[in-house]
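Novice:
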Amino acid sequence: MPSREPGDRRLIARLKQKLGISLGLLHLYKARPLTSLQIHLLPVCGRERLMFSIVTPSYNQGKYIGETARSVLDQSYKKIEYIVQDSLSADCTAGVLTAFNDARMKVYYEKDNGQADAINRGFSHARGDIMAYLNSDDILLPHALAQVAAYFESNPSVEALYADRLIIDEQSAVIGHWRLPAHSPSVTRVVDYVPQETLFWRRSLWERVGGRVDDALQFAMDWDLILKFQTVGARIDHIPVFTGAFRVHTAQKTQAAIVMGKKEMRQVRQRYTNRLMSYLLFPWHIFYLWKHARLDAQPLKWRQAIDRGTEMNSTVRNGRI
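Its first residue numbered 1, the sequence shown is counted upward by one per residue in the UniProt record's numbering.
1) Below 9 Å between beta carbons: does that hold for I239 and Y133?
2) Beta strand (DSSP E) containing K106: first to last residue?
3) Which stretch, first to last residue, makes up the beta strand (DSSP E) that contains V84?
4) Which residues mark the beginning and the end of the beta strand (DSSP E) in which G176 is found?
5) Only counting the same chain, and skipping five residues up and downstream in sequence, which positions put a Cβ closer than 6 Å to that of E170?
6) Whose CA, out of G62, G210 and L166, lies closest to the CA of E197?
7) Look at the alpha carbon of L180 and the alpha carbon of L88, and state the distance between them as a whole number of angstroms.
8) Between E153 and F229, is the Cβ-Cβ spacing less than 9 Å?
9) How big is the Cα-Cα spacing for G62 and R32?
10) Would you mind sorting Q85 into buried or exposed? The rule is 16 or more other CB atoms within 10 Å of its CB.
11) How big is the Cα-Cα spacing for S58 and C92?
12) Taking 8 Å as the limit between beta carbons, can you name the residues of its chain near I65, skipping five residues before and five after?
13) Return the Cβ separation of Y77 and E48 in integer angstroms, given the expectation that the two are a contact with Cβ distance under 8 Å.
14) Could you give the distance in angstroms between the alpha-carbon of L140 and the alpha-carbon of G244?
15) Across the region 111-128 and the region 184-194, are there enough close Cβ pairs to call them in contact, namely three or more that are closer than 8 Å?
16) Taking just the CA atoms, how far does R203 sit from L73?
17) If you measure between the beta carbons of V174 and F52, is that distance less than 9 Å?
18) My assumption, with CB atoms under 8 Å, is that residue 326 sits in contact with A90. Please give the rounded CB distance.
19) For A182 and N101, what's the separation of their Cα atoms in angstroms?
20) Our contact map puts V241 next to D164 with C-beta atoms below 8 Å; I'd like the distance itself, whole angstroms only.
21) Let me confirm a value: R121 is counted as buried when at least 16 other C-beta atoms fall within 10 Å, else exposed. Which label applies?
22) Is it buried or exposed, Q270, if we count other Cβ atoms within 10 angstroms and call 16 or more buried?
23) Quick one: Cα of K263 to Cα of I54, how far?
24) Please confirm whether V213 and L225 have their CB atoms less than 9 Å apart.
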């Protein structure tokens, strides 16, 4: 297997540090164009009954926010309201956002008290049936909203869902992917593993848990929100498709911020469980990882084939994942 370039190794090390992955199998490989992937899609229907409200908290991400916004507005599913909540960015963000001429997009410029506060401000303007937030450097994949809408329509008892994620670099090339098995409420109580950019929920559920993310948190508010959903008995499903991409780049959180993020995760874990419960859940955690390994066995072969530069087998030919 050929050795990786030093830049690749540094990027991968930063990726592992940034994600802090303690659950599941993250596959990393040589960068390849996003357009080269043939992503499996779920069946969708042509009717658009549900409206999506998607919020992007924004601050000085002018380099990426145009692609983020385009990934939302270019969805094949058109019934969208897209809300960008910008905290008076000092870079080119305003110019990038002004260039969009789409009535479905609303931009609010006002100083906020951090990412969680920006998310809450954005959702205060939302009117949609299905809600989500997308960070200003991440993207939705093509047809993501059509698949999410179809799943909610076909499963009226499902109140929230999430999917699998791709990992992209600064040039939007795919450098990895992360697949998950079916949702486990027990494991979710002790491990933060849900890909935030793939999480969607119904407005009725949002209102049932108070209609806000915890603005005392700046890193773990998405995990806290999922655990709030579970506390009120919401049914949360995982759908086995790729709907979003998480971007890794050098301008992300500093080491001090990462330490703060881990501290917040400990605080959130303590809100919903205790040490004894964590020990009792450990065997189930191991079983969950075993199920994940079985599920992810085929993508692992695909990764190895790419690293060797050999032809992929018939089930993953031409970049299919």
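Ideal Cβ placement from N, Cα and C applies to all residues, glycine included.
Specialist: In short:
1) no
2) M105 to Y109
3) I80 to D86
4) G176 -> beta strand (DSSP E) spans A173 to R179.
5) H249
6) L166
7) 37 Å
8) no
9) 24 Å
10) buried
11) 12 Å
12) T56, S58, V84, T93, V96, L97, S136 and D137
13) 6 Å
14) 4 Å
15) The answer is no - the region 184-194 does not touch the region 111-128, with fewer than three Cβ pairs under 8 Å.
16) 21 Å
17) no
18) Nothing about residue 326 can be read from this structure; the chain reaches only from 1 to 321.
19) 39 Å
20) 7 Å
21) buried
22) exposed
23) Rounded to the nearest whole angstrom, the CA to CA distance from K263 to I54 is 28 Å.
24) Taking 9 Å as the cut-off, the Cβ atoms of V213 and L225 count as close.
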